[in-house]
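Visitor:
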Amino acid sequence: KRTLYLSMVRSFIEYCNPIWNNIGKVKLYTFERLQKNIIKWIRNEPLASYTNSQYLKHLSDLNILPFKELFIYNDLRLFYKIVYNLVPLPLPHFISPVDSSTLRSTRANFNIIHGLDYTSFTDTIDIRTHSALKDSFFHRTVQVWNLLPYQTRQSASLTVFLAAVKKQLFQSVDVSSIIPIS
Numbered sequence: 047k048r049t050l051y052l053s054m055v056r057s058f059i060e061y062c063n064p065i066w067n068n069i070g071k072v073k074l075y076t077f078e079r080l081q082k083n084i085i086k087w088i089r090n091e092p093l094a095s096y097t098n099s100q101y102l103k104h105l106s107d108l109n110i111l112p113f114k115e116l117f118i119y120n121d122l123r124l125f126y127k128i129v130y131n132l133v134p135l136p137l138p139h140f141i142s143p144v145d146s147s148t149l150r151s152t153r154a155n156f157n158i159i160h161g162l163d164y165t166s167f168t169d170t171i172d173i174r175t176h177s178a179l180k181d182s183f184f185h186r187t188v189q190v191w192n193l194l195p196y197q198t199r200q201s202a203s204l205t206v207f208l209a210a211v212k213k214q215l216f217q218s219v220d221v222s223s224i225i226p227i228s
């Protein structure tokens, strides 16, 4: 049942990830409600009532991310491929590596200044004057990318990177943001 769901439903949504990522909360909740019902079906518990914590536990057991985290996961997957030249798509001119010579010496910047972190990027678009780009793929993904530990960003392979990202996303899920309790 899990395989059927992932191949017939999730695959269509993941295919258009950059588009779905900008949907509003109401539509996101609709997707999440659908997935909650499918999780009940997969677990043969069609009449069960899950709290958000129980739902997240079942998702984790089935290795299925909530939709909000799935969209982030897929954005980061594509960004990793772009950064490491695994796809023929260059970074746009407004995304560039952080220049360590312009940073103050702080604990937060230690790894960049000392050359340990070479995968932090800066976005030079001024959102106040280019508001149409505020939800664009590169703008939103660079922000999330830079929040990842530099060891994750510098993973030797895409498989290792994705495993670390998925683990971090499961750990960072906000239970209250999944589905409104009604």
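Counting in the numbering used here, the sequence shown runs from 47 upward without gaps. Glycine included, every Cβ here is placed at the ideal spot set by N, Cα and C.
Skipping 5 residues on each side, what residues in its chain have a beta carbon closer than 6 Å to that of K86?
Guide: Counting from 1 along the sequence shown, the entry for residue 86 is found at position 40. Around K86: P92, A94.
Visitor: Is T170 helix, strand or coil by DSSP?
Guide: To locate residue 170, count along the sequence shown from 1; it is residue 124. Coil at T170, not helix or strand.
Visitor: May I ask you to verify whether the segment 201 to 208 touches the segment 118 to 134, counting CB pairs closer than 8 Å and requiring at least 3?
Guide: Segments in contact, yes.
Visitor: Less than 8 Å separating the beta-carbons of S53 and F216?
Guide: As a first step, residue 53 must be located in the sequence shown, where it is residue number 7. As a first step, residue 216 must be located in the sequence shown, where it is residue number 170. Cβ atoms of S53 and F216: not closer than 8 Å.
Visitor: Among I59, P143, T76, which residue has its Cα nearest to the Cα of R199?
Guide: To locate residue 199, count along the sequence shown from 1; it is residue 153. If we check each option's Cα against that of R199, P143 comes out closest.
Visitor: If the criterion is Cβ atoms closer than 8 Å, does the pair L74 and K127 meet it?
Guide: Sequence index remark: in the sequence shown, residue 74 carries index 28 (1-based). Sequence index remark: in the sequence shown, residue 127 carries index 81 (1-based). Their beta carbons are not under 8 Å apart, which means L74 does not touch K127 by this criterion.
Visitor: Could you spell out where the beta strand (DSSP E) holding A142 opens and where it closes?
Guide: For this step, residue 142 is matched to residue 96 along the sequence shown. Checking the displayed sequence, the identity of residue 142 turns out to be Ser instead of Ala. It spans 141 to 143 - the beta strand (DSSP E) in which S142 sits, taken as one unbroken run.
Visitor: What's the C-alpha gap between V190 and I118?
Guide: Numbered from its first residue, the sequence shown carries residue 190 at position 144. Numbered from its first residue, the sequence shown carries residue 118 at position 72. About 8 Å.
Visitor: For the alpha helix (DSSP H) that contains A202, what are its first and last residues?
Guide: The residue given as residue 202 occupies position 156 in the sequence shown. Where A202 is concerned, there is no enclosing alpha helix (DSSP H), given that its DSSP letter is neither H nor E.
Visitor: Return the chain-ordered list of same chain residues with a C-beta closer than 6 Å to the C-beta of H160, the five sequence neighbours on each side being excluded.
Guide: By one-based count along the sequence shown, residue 160 stands at place 114. Only weak support is given to the placement of H160: the predicted model assigns it a pLDDT of 41, under 50, and the value that follows is read from those uncertain coordinates. Here the set comprises nothing.
Visitor: Give every residue of the same chain whose Cβ lies closer than 7 Å to the Cβ of I88, excluding the five residues on either side of it in the sequence, and list them in chain order.
Guide: The sequence position of residue 88 within the sequence shown is 42, counting from 1. Around I88: K47, R48, Y51, L108.
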